[in-house]
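Structure first, commentary second.
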Amino acid sequence: MNRRRVQIAVWLLAWAVFASASLAQEQAQKKEPAEKKEESKPAGPQVQDIVINLYNPCGVAVQPKTGHVYIADSGNLRLLRFTPGKGEQAPSIAEAVVGFPKDVYGKGPKYDIGPLGLLFVSDNLLAVGGGGNPDGKEVLWFFDVSQIKDKPIQTDAAKYTAGPIPPGEKTNRGEGNFYALTLAAGAVYVTTNGDDTKGWVARCPIKDGTPGKLEPAIATKPQVEVDAPVGITTSPKGKLVVGQAGEINVPEDSLLTFYDPASGKLELKLETPLYDIVALAYHPKSGTLYALDFAWMAPDKAGLYRLDVTTGEKPSLKVTKVLQLDKPTAMAFTPEGELYITLIGTAKEGDKYTPGKLIRVSGLK
Amino acid sequence: MRKLPLLVALCVVLLCGGRVRADEPYELKYPQGLRPMKIPQDNPLTRKKVELGRQLYFDPRLSRDNTISCASCHDPAKGWSNGERFATGVRGQKGGRSAPTIINSGYNRFQFWDGRAGSLEEQALGPIQNPIEMDMTLEEVVAKLNKIEGYRKQFQEVFGTDVTAQGIAKAIAAFERTVLSGNAPYDRYKAGDKKAMSEAAVRGMKLFFGKANCAACHSGPNFTDNGFHNLGVGMDKKEPDLGRYLVTKLEGDKGAFKTPTLREIARTAPYMHDGSHKTLEEVVRYYNKGGIDNPWLDEEIFPLNLTEQEIKDLVTFLKEGLSSPDYPLVKPPQLPK
């Protein structure tokens, strides 16, 4: 019975994806006069809805060789796999991993959450930051996605887990909510939430493709005096780039910070006009840094931003808004420079569908 | 020939007769532990403006019945608060919240417990117009002060105008920015003087930044994250004060109030936004039990499991470690006539 329900749900989801995509194309064709094709091409980045009706999606990763897009459909406690269309082959979506534990996050609105940050550690090994367990019991999951065939696998089929980080000398309540992940200097670095006097970035070494022990590595708050590391990525020079989200009810308090992964030493701290940086990513071709701002207290400020950092004696930061977005949570570039972004979205009163979606942004530089 | 500049300088000094120029900058001296403050570009600190602000701050003529000044509720002798549970205004009227300290308020991102003012300038005119505080309209207070020659003259010097509401706000804000507390035993300890605090205070400091979780919100040089948090205080009442929510209408802000500075905390009792806790011991015990549960309780409020000794040590740190020997005790000036 459950399997049948899942099949129906997947079918509905897939139908919704195709219906949305085709509708967008039809509208574009109707608006475009034949004789002015060149002039009417949009100059800025183009945005396309890819998967709709997601429930609090909080993570996304692109598999390096296949181009498959994995989505943390967090509120539904599962991972989805989106396969982009190619030639005659239609795009498809399927459940990949199900059965993640559930927690409730926030004070208003309250969000059901399960899996959070996603990262491909190697061609097939997908790391998943957990968010559904209490602080001190949360784990980092590692799945061999080549093992996922026609049916989704359960979380207990994970190839490895790392963690938890229980209460102890370094963390007064244990760590949880593994928001975002990046790979640097032979280890997975994870932004965590738990001991807010420290604001830990945790480290999980990867040796011969096998994860080691997950441990608190960089206490960000004593160094920057602002709360909550959330967004994280690795710079082209191998530095850890951490977005310190700040307080959700304080405007323009997010920081952009750079750490040496080996020593954990803060190398650069830049104030930003952003509210809550939740994701960071470098464009794979241009090396341009982008950030997502969730902006809990001012949704009109939320969106995708371009961050141009000037280093030297007087480091500076230029911030440019690229797109207005509705509660963005995570992003991942394809090797070609297309950007996938997950959005929680705003539910309409009485709406029986969840408003979360995955969008694809093309034309970024 | 080289003596000429010296002679010119001497002449200038003699001609000025040691008088303060209207635009002579006021140089803020930051005590150890504090960082440079962001001063609004449209309200630079000048010596004359700060002095004018000091007079306005202490002047009860800003209230309807000439009984209440800013200093009535934010008294330098009482930690720049009033030592009472609530603020008291004209005709003995009581407000519903305690009077927050002015100390280091120039660093605050928001003013008032609910953050409804984004700057000291914006805040300064609020109590004047509040019917249960000073009970004046801006038109009335401007007209009243313009009848005082000493104020008219100073406003002309500082702002080039008669008394205006904007000028009142700027002058009071400028004065308030000079009320600083730093160089506390904690600052000296942090700077390397390991004898600056007692052993009990050092143990309390470690709890503050660790097990007791205080630094989750009371962080940075001014011991505040400038955010708003629901600690559960008063949330068990039939109609609780919803704090920040009344300003933003965001569900997650219900019952949340601004994180206050902890500098000079020993002088600013009673505590919490409603002055409901008389002592720091009470405050620490409240946190230790995990606050009062409610749907919007901050995730940073949870039972701490502190021992009796740890409670004592933490209170010692708060009292001893954050009290400066250079407390900013400003005396009331002579008011203009």
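As you go down the protein sequences, you meet chains A and B in turn. Each residue of the first sequence is one higher than the one before, starting from 1 at the first, in our numbering. Each residue of the second sequence is one higher than the one before, starting from 1001 at the first, in our numbering. Ideal Cβ positions, reconstructed from N, Cα and C, are used throughout, including at glycine. Note that the structure is a prediction, hence the values are computed from the model and not measured.
| Asked | Found |
| --- | --- |
| Cβ-Cβ distance between S1069 of chain B and F1086 of chain B below 8 angstroms | no |
| Spatial distance of L364 of chain A from D208 of chain A (CA atoms) | 35 angstroms |
| Coarse secondary structure for I1068 of chain B, derived from DSSP in three states | coil |
| Below-8 angstroms beta-carbon distance, T191 of chain A vs any chain B residue | no |
| Test item: CB-CB of C1217 of chain B and T1259 of chain B under 8 angstroms | yes |
| Near-chain B residues of the region 192–216 of chain A (beta-carbon distance less than 7 angstroms), N- to C-terminal order | D196, T197 |
| 7 angstroms Cβ shell around L1056 of chain B - same chain, five flanking residues per side excluded | L1062, I1168, A1171, I1172 |
| Straight-line gap, P101 of chain A to G163 of chain A (C-alpha atoms, nearest Å) | 15 angstroms |
| For A1099 of chain B and E1157 of chain B, the rounded distance between their alpha carbons | 32 angstroms |
| Chain A within 8 angstroms of N1213 of chain B, Cβ atoms only | yes |
| Rounded Cβ spacing between T311 of chain A and A330 of chain A (contact assumed at less than 8 angstroms) | So it is not a contact: roughly 27 angstroms between Cβ atoms. |
| T1248 of chain B - containing alpha helix (DSSP H), residue span | 1245–1248 |
| Nearest residue (CA-CA) to N1305 of chain B, options B:G1089, B:Y1287, B:R1091, B:L1145 | B:Y1287 |
| Rounded straight-line distance, which links the Cα of K1238 of chain B to that of G1095 of chain B | 18 angstroms |
| 8 angstroms Cβ cutoff met for T171 of chain A and V139 of chain A | no |
| Min CB distance N172 of chain A to chain B below 8 angstroms | yes |
| Any chain B beta carbon closer than 8 angstroms to P109 of chain A | yes |
| Any chain A beta carbon closer than 8 angstroms to N1226 of chain B | yes |
| Pairwise C-alpha distance: K1337 of chain B and T1164 of chain B | 17 angstroms |
| Helix, strand or coil at Y55 of chain A [DSSP, three-state] | coil |
| Residue burial classification, D1253 of chain B (beta-carbon count within 10 angstroms, cutoff 16) | buried |
| 7 angstroms Cβ cut-off: residues of chain B touching E225 of chain A | S1219, G1220 |
| Which listed residue (A:Q223, A:S92, A:K301) has its alpha carbon closest to that of T320 of chain A | A:K301 |
| For K1331 of chain B and I1128 of chain B, the rounded distance between their alpha carbons | 21 angstroms |
| Complete runs of the alpha helix (DSSP H) confined to the region 197–235 of chain A [at least 4 residues] | 221–224 |
| Within-8 angstroms CB hit, G106 of chain A to chain E | Chain labels in this structure do not include chain E; the protein chains are A and B. |
| Partners in chain A for F1209 of chain B, counting only beta-carbon separations shorter than 7 angstroms | T197 |
| Simplified DSSP state of V1179 of chain B, which is helix, strand or coil | coil |
| Proximity of I52 of chain A and K357 of chain A at Cβ, strictly below 8 angstroms | yes |
| is_contact[N133 of chain A, chain B] using C-beta, thresh 8 angstroms | no |
| Among A:P261, A:L304, A:V98, A:K285, the one whose alpha carbon lies nearest that of V274 of chain A | This sequence places Leu at residue 274 of chain A; Val is not what is there. Of the listed residues, the one whose Cα sits closest to L274 of chain A is A:L304. |
| Segment limits, alpha helix (DSSP H) that includes F1159 of chain B | 1149–1159 |
| C-beta atoms of L1314 of chain B and G1204 of chain B nearer than 8 angstroms | yes |
| Neighbouring residues, chain B, relative to K221 of chain A (Cβ below 9 angstroms) | A1215, A1216, S1219 |
| CB contact check: W1113 of chain B to chain A, cutoff 8 angstroms | no |
| P211 of chain A versus C204 of chain A - alpha carbon distance | 6 angstroms |
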